[in-house]
Amino acid sequence: MNAIPRFNSNRNAIGWFAMTAVIALLGWVETVQPMGVDFADLTNGIVTMDTMVRVAILTIVLVGLNLLMGYAGQVSLGHAALYGLGAYASSILCVRSGDLLGVPAWVLGSWWWPWLVMLIGMAFAGALAYLVGRPILRLQGHYLAMATLGLGIMIYILFRENLGFQGQHITGTFDGIPGVPRLRIGNFEIWPISRYYFFAWIAALGAIAFGLNVISSRTGRALRAIHDSEVAAQAMGVDVASYKVRIFAVSAILASAAGSIYAHFQTTVSPAPFSFVGSLELVVMAAVGGLSSIWGAPFGVAVILIIKEILRSRLRVVFSGASGEHEVIFYGILLVLIMIFMPEGVTVGAVRRWRLWQSRKREQVLSPAQPQAGVPR
Amino acid sequence: MKRSTYQNKYQILRYILIFLILAILVVVLGSRKNFGPLQYAQLSLDGLRGGAIYALIAMGFVIVFNVTGIINFAQGAFVTLGAMFTVTFYNLNAPLPKSLHLLLSVIAAILVTTCIGVLVERLTIYPARKSSPLTLIIITVGVFITIQGLSLLVWGADAYVFPAFTTLEMSDRVFRWLGMVIKAQSFWIWGIMVLVLVCIAYFFNFTLLGRAMRACAVNRLGARLVGISPGRMSLVSFGIAAAVGAIGGIVVAPIIRPSYDMGLSLGLKGFVAAIMGGLVSTPGAVLGGLLLGFLENVAAGVTKAGLKDIFAFILLILTLLFRPQGLLGVRKTTVETDGAH
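Residue numbers (our numbering), protein chains in the order written: chain A, 3 to 379; chain B, 389 to 729.
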């Protein structure tokens, strides 16, 4: 009864390097433009470099969310807000900390300040997740879903409400905070988008490698045991609550890091993507990718983002007067269908069905006269 | 448990202390805005009106959770559907007196929403009934966003207008009493909430179906053994929850201008109220709803109106941290194992 397909580490390594190669190739196409072929031309303009960077950024969030949902068995309905926490930490501390906190100008102008801020954001998100998660994850049931829902909406309102502090506005209103600087290392600016593409994907691949290592470590084995049976894991001496809290904190840290990368990519941070609907979108992505599969993370993000782009551009043709918000119908139906037919997620579900089909075929070859009843389902 | 014995002794004292600190905080903040007793009374009344709505929606959460163990996030969608269908039916041209037309629209909207609730259960919950509660919760989230998206498609993004029940006009009759202003709609809301509470209490205590549902809530396997079908009970619970949610949406419609996304915040607040009530008790949900409405309105009144929602979710987090069993609940010491499937 293994609920989770276990790829051995060799395959993971091969997959990781293969993915790195593909990403590098695509980045090379964009940078060098061999024979005048631009990256956007490869996909007929549907997938742009911009989308690819977004996929990378959300992959980082999704790795954390997959760990939480698939391995710790808890759902977070406020992950977009934790993602937003990173984005707002970066934008506030890089743009407004001079006025708000009196950070001297030479610090603000230095290349390492945004990186330091990113770490501060991660630490803050992690600490917040730990503080909230610790008492709540000791309870049986899905209290974390409720708590994260509340936390997410609270944080979103704080972003939106433009709170004052010593006569200065902290978060801005719906318009958000403009003018977030680009990231630099020394004098090397990570900007034309092709450079940022490499940076974002290095971070994303790092997150994937981290996720893969976590699940094949002692923590990962403990988490899988929790996933299969909490009572049994407890009986084996696994401190269920503490592992869950740690994973929740890790997923918050990853989300916050992704948020910072998003802020420096977008340069304007507004509250809209961090609302409740944003959190739901992340859950849909996780469901498409597979709840307990790290590899599912980039897949789920890419599928949803690309479908979103296509819907945005085509929906207006199909229904006149349809706006971008109508895509939520599609999310909803997709989420329901996946959860009914493949609750372990599309990638994992597809892999399982494929294996089942293969083993059936093999048995048919071995003993064609045998009835099907003996095949374990 | 060691903790629970201590708790009984000092709990009351602790709560009184917390309440006093909060009250002082409120008065200090209020004095900066020159609030007198009148303003507080007005804020409380408005808060209790909102709270009654939350209580109605929370009852829907409780009914579904009790019978199926699912937190039905689609509850907010039923609220939207109730209000929007009533508006649609009321705007149809019919050769009827206004009051009768409104009554028929309300009844039709409740029926349609109930049918949708039943349909949702059959189409989405029933096929996945053997999945984990987490999966089912995610399914209800999916149902919620689907219905909200479809509402946007059908009714558009505009807010509609809805007549007050008493005057059947946009402007409601207003009562003034000791300097406070009370809209007639508030009495409708309180009255209907009490009526629904009584009906639900009667249904669950004195009818065969209601008792079967309670049996299902207590022990699914046991209920099955005596011939109760949990699947059917789940169906009925969704139907009732949808009807109650629709009623909540309809009575609030004259106060807020109903739109396709009204269910999101109302549903979430109802959920907070249900958690405050412990998720398993209907009276608890009502108490939670009223308390939530009261507290958030007073808190928003003394600080900033835009922060109203924050106080609701602060209450949610505080409840989960300090009283996960709810206001009326008893701390459970045993792990609940479900005998489902």
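The beta-carbon is built from N, C-alpha and C at its ideal position, and this holds for glycine as well.
Between which residues of its own chain and leucine 70 of chain A is the CB-CB distance below 7 Å, once the five residues before and five after are set aside? Gln76, Ser78, Ile249, Phe250, Ser253
Relative to the C-alpha of lysine 486 of chain B, which candidate in B:Pro425, B:Ala552, B:Ile459, B:Leu538 has its C-alpha closest? B:Ala552
Worksheet item: Taking Cβ-Cβ distances below 7 Å as the criterion, which residues of the segment 682-708 of chain B are in contact with chain A?
Response: Gly694, Leu695, Asp697, Ile698, Phe701, Ile702, Leu704, Ile705, Leu708
task = Give the range of the beta strand (DSSP E) segment to which arginine 564 of chain B is assigned.
result = 562-565
For serine 272 of chain A, count the other beta carbons within 10 Å of its own beta carbon; 16 or more makes it buried, fewer makes it exposed. Which is it? buried
>> One question on the structure: do glycine 677 of chain B and glycine 439 of chain B come within less than 7 Å of each other, judged by their Cβ atoms?
In response: yes
Going by the DSSP bridge assignment, what does valine 279 of chain A pair with across the sheet? Beta-bridge pairing links valine 279 of chain A to no other residue.
At a Cβ threshold of 7 Å, is alanine 516 of chain B touching chain A?
yes
Please report the straight-line C-alpha distance between arginine 56 of chain A and valine 49 of chain A, rounded to a whole angstrom.
11 Å
ask   = How is arginine 186 of chain A classed by DSSP in three states: helix, strand or coil?
value = strand
Check your understanding: Which of the residues in the segment 62-77 of chain A, read from start to end, lie with their CB under 7 Å from any CB of chain B?
Key -> Gly75, Val77
Exercise. Could you give the distance in angstroms between the alpha-carbon of glycine 292 of chain A and the alpha-carbon of glutamate 346 of chain A?
Worked result: 6 Å
- Neighbour list for histidine 328 of chain A in chain B, Cβ cutoff strictly below 8 Å: Gly537, Leu540, Leu541
Exercise. Can you have a look at asparagine 685 of chain B and say buried or exposed, based on whether 16 or more other CB atoms are within 10 angstroms of its CB?
Key: buried
- Message: Against chain B, which members of the segment 188-213 of chain A pass a CB distance test of less than 9 Å?
- Response: none
How long is the line joining the alpha carbons of asparagine 454 of chain B and alanine 205 of chain A, rounded to whole angstroms?
45 Å
| message | Check whether chain A comes within 7 Å of leucine 522 of chain B, counting only Cβ atoms and requiring the distance to be less than that. | response | yes
- Query: CB glycine 222 of chain A to CB isoleucine 296 of chain A, shorter than 7 Å?
  - Reply: no
Taking only beta-carbon atoms, is methionine 37 of chain A less than 7 Å away from chain B? no
(Q) If you follow the alpha helix (DSSP H) that valine 330 of chain A is in, where does it begin and where does it stop? (A) 329-343
Report task. Could you name the residues of chain A that valine 531 of chain B contacts, counting a contact when the two beta carbons are closer than 7 Å? Result -> Gly334, Val338
field: Three-state class that DSSP yields for methionine 472 of chain B in the structure shown
entry: helix
Whole alpha helix (DSSP H) elements within the segment 174-231 of chain A, 4-residue minimum
194-217, 220-230
CB contact check: serine 647 of chain B to chain A, cutoff 7 Å: no
Could you tell me which chain B residues have their CB closer than 9 Å to the CB of tyrosine 145 of chain A, listed as they occur along the chain? Ile663, Leu708, Pro712
| So, helix, strand or coil for valine 271 of chain A, using DSSP? | strand
**OP:** Could you pull the start and end residues of the beta strand (DSSP E) that lysine 571 of chain B belongs to?
**Re:** 568-571
*According to a CB-to-CB cut-off of less than 9 Å, which residues of the segment 620-638 of chain B neighbour chain A?*
none
Check your understanding: What residues from chain A crowd round threonine 512 of chain B, counting only those whose CB sits closer than 7 Å?
Key -> Val338, Ile342
- request: Look at the Cβ atom of serine 574 of chain B, then the Cβ atom of arginine 437 of chain B, and state whether they are nearer than 7 Å.
  value: yes
- Within 8 Å of chain A by C-beta, residues of the segment 452-471 of chain B in sequence order: Ile459
Margin query: If distances are taken between C-alpha atoms only, which option among A:Asn164, A:Ile263, A:Arg162 comes closest to valine 182 of chain A?
Written below: A:Ile263
**Residue from A:Phe301, A:Asn215, A:Gly351 with nearest C-alpha to arginine 13 of chain A** = A:Asn215
| Along the segment 594-615 of chain B, what residues have a CB closer than 9 Å to any CB found in chain A? | none
Starting from the Cα of isoleucine 217 of chain A, find the closest Cα among A:Ser231, A:Ser294, A:Asp43 and give me that residue. A:Ser294
Starting from glycine 291 of chain A, find everything on chain B with Cβ-Cβ shorter than 9 Å and list it in chain order.
-> Ordered by position in chain B, no residue passes the 9 Å Cβ test against glycine 291 of chain A, which lies about 14 Å from the chain.
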